[in-house]
Amino acid sequence: MKVKKIWLLALFLLCSCMGAPDNVKIVEGVDAKQYIGTWYEIARLDHSFERGLDNVTHHYELKEDGGIKVTNKGYNRKAEKWNTEDGNAYFLEEPNTDKTYIGKLKVSFFGQFYGAYNIIALDKVYYNYVMICGPNKDYLWILSRTPELTYPIKQHLVSQANELGFAIDQLIYVNQNPDIPNYEAGQHVIKKKSE
31 MKVKKIWLLA LFLLCSCMGA PDNVKIVEGV DAKQYIGTWY EIARLDHSFE
81 RGLDNVTHHY ELKEDGGIKV TNKGYNRKAE KWNTEDGNAY FLEEPNTDKT
131 YIGKLKVSFF GQFYGAYNII ALDKVYYNYV MICGPNKDYL WILSRTPELT
181 YPIKQHLVSQ ANELGFAIDQ LIYVNQNPDI PNYEAGQHVI KKKSE
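Heads up: the sequence shown is residues 31 to 225, going by this note's numbering.
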């Protein structure tokens, strides 16, 4: 019950603003069909609703209503159990003429309470990495299609976050060790098909 209250409080704080931090540019031309699938969490800023979790993945599936089903999963080593949260996300603006979107979404894990999900860096060729922030600079995630992200790409994203004013010295680098019970690798889109 206490954990649930912490999640609700954290989400309320996240939901208090649906915008993006100052001086942060949102990625345009996001292909939702390329974006879906499983992403591995490489790094994040600390917050209560993921504290103590390793092997964190974010899985996205398209819904019939145009939204995205979100499943976040992480392993709590102290409790020796998996934590899973299901939610929904929606792009805030209508698609462009080429069916792509501006990377501003709202995401909810608790009914009508939505928080900001802003895509601020994306591998738009292969969709192999992404960097996301919330409504302010207290929330930042670096995700990859694989459990490890190559050092040059990771450093490029961290440097970009630093230039934008995120507290990179407080980043938590997520352990993606598969040596735990019921670890499953996720499926993802490898590369964009040529038209």
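Don't be surprised by glycine CBs; every beta carbon is placed ideally from N, CA and C. Owing to the predicted nature of the structure, the values given are computational and were not obtained by experimental measurement.
Asked: Reduced DSSP category for residue 196 - H, G, I as helix; E, B as strand; rest coil; Found: coil
Asked: Nearest to residue 175 (by Cα), restricted to the options 154, 99, 188; Found: 154
Asked: Nearest-angstrom Cα separation, counted from residue 185 out to residue 117; Found: 30 Å
Asked: Own chain, CB closer than 6 Å to residue 57, minus 5 neighbours either side, in chain order; Found: 133, 149, 152
Asked: Beta-carbon gap between residue 163 and residue 50 smaller than 9 Å; Found: yes
Asked: Cβ neighbour criterion (16 or more within 10 Å) applied to residue 126; Found: exposed
Asked: Proximity winner among 135, 131, 188, relative to residue 59 (alpha-carbon distances); Found: 131
Asked: Contact between the segment 85–95 and the segment 186–199 (3+ Cβ pairs under 8 Å); Found: no
Asked: Residue 62, enclosing alpha helix (DSSP H) - first and last residue; Found: 62–65
Asked: Continuous beta strand (DSSP E) stretch holding residue 116: start and end; Found: 111–121
Asked: DSSP three-state assignment for residue 92, whether helix, strand or coil; Found: strand
Asked: Residues bridged to residue 102 [DSSP beta-bridge criterion]; Found: 88, 115
Asked: Pick from 81, 121, 101 that is closest to residue 95, judged by C-alpha positions; Found: 121
Asked: Whether residue 98 touches residue 159 by CB criterion (9 Å); Found: no
Asked: Beta-ladder partner(s) of residue 203, from DSSP; Found: 73
Asked: C-alpha distance - residue 205 paired with residue 140, whole-angstrom precision; Found: 27 Å
Asked: Three-state class that DSSP yields for residue 50 in the structure shown; Found: coil
Asked: Residue 56 in three-state terms, based on DSSP; Found: coil
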